[in-house]
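Numbering (my numbering), first residue to last: 6 to 441.
Ideal placement from N, C-alpha and C gives every residue a C-beta, glycine not left out.
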Ligand code: GDP
Ligand code: GDP
């Protein structure tokens, strides 16, 4: 289920990113080790009193050289659209500015709960400064100090009070949830239209679990599918929607809600850095992935073009070696008929459960073929393997010393698993746990 979204809004320099980092805490460091997008620090997971949420720093969505007022409006609109609760930060040392008033007006008109944080109140003597902020027309202003970590608990208590009740999952368990992600203009909407075509079996467009997301359910050959957040693909034009980070943000939410992610790449442009980030997030999230190279019609080709394109893609997306690649054209419909069967196949692989005895036989054969590593005279001994989860398939290896399970050997085991079972399109997770 998607977590509630909390957005931080406020003028530059009021302390948004300081507060963001405080709330996110050590989590950021963990997230930053991963190859995905989260290191941009505009979007991270937070937790307070056991309630998990996603936190957005709208100040991190850069809008080029737009004037302050336009930027502030865009931030506020983004927050209203994406967040369940908005934290509005002002600077207690500077008092109210016209930009604050502008933001307050926009937020006031929305029906979103807003919690007002008056920052840079670094000591109790400064609390006097608070009163002026009542005139912004919000509820109680909360005095906080981002840099000293004061007052954030009370503020977050108020924030989580406004979280919506947990939503029911609207889809059947067997329904395959697909998201198409990729930069603007790679052809996501065209692909959806071409795939569903005239004979589409759309029941209706129904609101998704995330407010404002429109999902498109349909069925093909007896299988139910739902395209996650097709509205998010169509919307554009607004200042913030044109920014790169915004489209990433939108993608992250769609990925969270799907089982199978179609990473769409524009064949005319090849892979660019942002494609990699988006693909990285799908991988980290443990979703099944199919790489769809669209606009293949527009590429000048000979008999080697596809192979070369694929080789290059594989080199750039080393973490996605398992993802099948389809070269298609939304325009000519070339190979589009392969997309849904492929989605179905990788979804099945994502769910695949291997019988324990077969799994253990296979691993023992693998160990006989390539003996386990040793370190300081000690050899890794694998006692037993079991699959503990699906979506994605997750294996726990019970071993004598987990530290002896080196990355390269883990990779070998993953390759053996992939060679033996049908795991195309799905990541696999492997853990080593101590048990003699
Ligand atoms: P943002 O532009 O809104 O993200 O603001 P930053 O988080 O980058 O903070 C702007 C400046 O204000 C930095 O120099 C911070 O160190 C400082 N700052 C942030 N929070 C506080 C606070 O609670 N008290 C004081 N005195 N300074 C703060
Ligand atoms: P989105 O922003 O990813 O949803 O992209 P759109 O579906 O709006 O497509 C962006 C542009 O690329 C439009 O002008 C489409 O007509 C064009 N386009 C989409 N798919 C193809 C394709 O397969 N071949 C060619 N040549 N153009 C395409």
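The distance from the Cβ of residue 332 to that of residue 301 is about 5 Å, consistent with a contact at the 8 Å cut-off. At a cut-off of 3 residues, the continuous stretches assigned as beta strand (DSSP E) that sit fully inside the stretch 392 to 435 are 399 to 404. Here the alpha carbons of residue 334 and residue 343 stand approximately 12 Å from one another. Distance between residue 117 and residue 306, taken at the CA atoms: about 52 Å.
Approximately 5 Å separates the beta-carbon atoms of residue 352 and residue 181; this is inside 8 Å, confirming the contact. For residue 189, the distance from the CB to the nearest heavy atom of ligand 1 is not below 6 Å. Non-local C-beta neighbours of residue 51 in its own chain, meaning closer than 6 Å and more than five positions away in sequence, comprise 28, 29, 58, 60, ordered along the chain. In summary, residue 54 is exposed, with fewer than 16 beta-carbon neighbours lying within 10 Å of its beta-carbon over all protein chains present. Here residue 167 really is in contact with residue 90; their C-beta atoms are around 5 Å apart, less than 8 Å.
DSSP, read as helix, strand or coil, puts residue 122 in strand. Around residue 108, the same chain offers 14, 77, 81, 93 as residues with beta carbons nearer than 7 Å, after the five sequence neighbours per side are excluded. Residue 18 has its CB nearer than 6 Å to a heavy atom of ligand 1. Taking 6 Å as the cut-off, one finds at least one heavy atom of ligand 1 near enough to the beta carbon of residue 151.
Where residue 348 is concerned, the enclosing alpha helix (DSSP H) starts and stops at 344 to 355. For residue 228, the pairing in a beta bridge is given by DSSP as 225.
In this structure, the straight-line span from the alpha carbon of residue 138 to that of residue 119 is close to 14 Å. Within the same chain, Cβ atoms closer than 6 Å to the Cβ of residue 414 are found at 378, the five residues on either side in sequence being excluded. If you check the CB distance, residue 292 and residue 266 come in under 7 Å. Within the chosen limit of 6 Å, ligand 2 does not reach the beta carbon of residue 84 with any heavy atom. DSSP, reduced to helix, strand and coil, places residue 198 within a helical segment of the structure shown.
Under DSSP, residue 384 forms a beta bridge with 379. With contacts defined by Cβ atoms closer than 7 Å, residue 84 and residue 12 form a contacting pair.
Put simply, of 417, 400, 271 the residue whose alpha carbon is nearest the alpha carbon of residue 191 is 271.
Its chain contains 388, 389, 438, 440 as the residues whose beta carbon lies nearer than 6 Å to that of residue 403, once the 5 sequence neighbours on both sides are disregarded; these appear in chain order. Here the distance from the Cβ of residue 275 to the nearest heavy atom of ligand 2 is not below 6 Å. When the five nearest sequence neighbours on each side are left out, the beta carbons in the same chain lying within less than 6 Å of the beta carbon of residue 421 are those of 371, in order along the chain. Between residue 160 and residue 122, the CB-CB gap stays under 7 Å. Between residue 283 and residue 198, the alpha-carbon positions lie close to 22 Å from each other. Not one heavy atom of ligand 1 falls within 6 Å of the beta-carbon of residue 110.
When secondary structure is reduced to three states using DSSP, residue 25 falls in the helix class. The three-state reading of DSSP puts residue 314 in helix, counting H, G and I together. Membership of residue 293 in the beta strand (DSSP E) is indicated by the continuous run 293 to 299. Taking 6 Å as the cut-off, one finds at least one heavy atom of ligand 1 near enough to the beta carbon of residue 23. Not one heavy atom of ligand 2 sits closer than 6 Å to the Cβ of residue 437.
Going by DSSP, residue 103 is part of the alpha helix (DSSP H) stretching over 103 to 114. Annotation: residue 87 to residue 48 spans about 12 Å, alpha carbon to alpha carbon.
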